[in-house]
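Shown next, in structure tokens, is the structure this report addresses.
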Amino acid sequence: MVATDTTYAMVAAPESHAALEAIRRLRRLERGHLWSLMCADLSQASRYVRMDNPAHRLLRRLLPGPYTFILPATSMVPRRLFGKRRAIGVRIPRLPLCAGLLERMDGPLLATTMQFPDEEGPACDPDRIDERICGHDAILLDAGWGGSETTTVVDLCGDAPELIRAGCGEWPIAR
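If you're matching positions, the sequence shown starts at 6 in our numbering and goes up one per residue.
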């Protein structure tokens, strides 16, 4: 678990089957759960998603920040995790703790919001999160209280950007 610029997130290296299973058990996620790729920067993200010029300009302007962008996937996306999906969500968080972790990794991390199955919204209190994950194969990078508002999710696969979920990132953006 790591704090981001929005909520705490559960993250794992894509090749770590055990970590992904631990997250699935803890959150009671189904196999088809939509993970996001959390990347260190746009250069890393460009290995996993295709960006045309307008998309690249938009991402360069808004990231790092509280957004998840859905973009066409490249062949680098692990099929065992994403199946035959042609689009995936990518985010680049701004919070220094999370950004520092991503810079030290060999690649992106898979991420999902830190939300327990019996709770309404994202977990914010690191002490409560620590209590809940005790006994699970998980660690918490405590950065104090987290936010409760999720990322703004925007689909960039069509002719025009489409808001999928309103969150703490401003949308529509001011020109």
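Where a beta carbon is used, it is the ideal one built from N, C-alpha and C, also for glycine. As the structure is a prediction and not an experimental result, all values here were calculated from the model.
Each residue's CA atom was taken as its position, placing Ala143 and Asp111 some 20 Å apart. Contact between the stretch 14 to 23 and the stretch 113 to 125 is present: three or more C-beta pairs spanning the two stretches fall below 8 Å. The bridge partners DSSP lists for Met43 are Arg96 and Leu114. Residues of the same chain with a CB within less than 7 Å of the CB of Gly70, apart from the 5 flanking positions on each side, are Asp10, Arg99 and Gly174 in chain order. A distance below 7 Å between beta-carbons, with the five flanking residues on each side excluded, links Trp40 to the following residues of its chain, in chain order: Leu86, Leu115, Ala116 and Thr117.
If you ignore the 5 residues before and after Ser153, its C-beta comes within less than 8 Å of the C-beta of Thr12, Gly126, Pro127 and Cys129, all in its own chain and listed in chain order. In the DSSP assignment, Glu167 forms a beta bridge with Asp160. Secondary structure within the stretch 53 to 89: the alpha helix (DSSP H) runs of 4 or more consecutive residues, fully enclosed, are 58 to 67 and 84 to 87 (chain order). The criterion of a C-beta distance shorter than 8 Å is not satisfied by Ile93 and Ala50.
Under the DSSP assignment, Ala14 falls in the beta strand (DSSP E) whose first and last residues are Tyr13 to Ala17. Under the three-pair Cβ rule at 8 Å, the stretch 71 to 80 does not count as touching the stretch 17 to 35.
In the structure shown, Ala148 adopts coil according to DSSP, grouped into three states. When the beta-carbon positions are compared, Gly149 and Pro166 stay at least 8 Å from each other.
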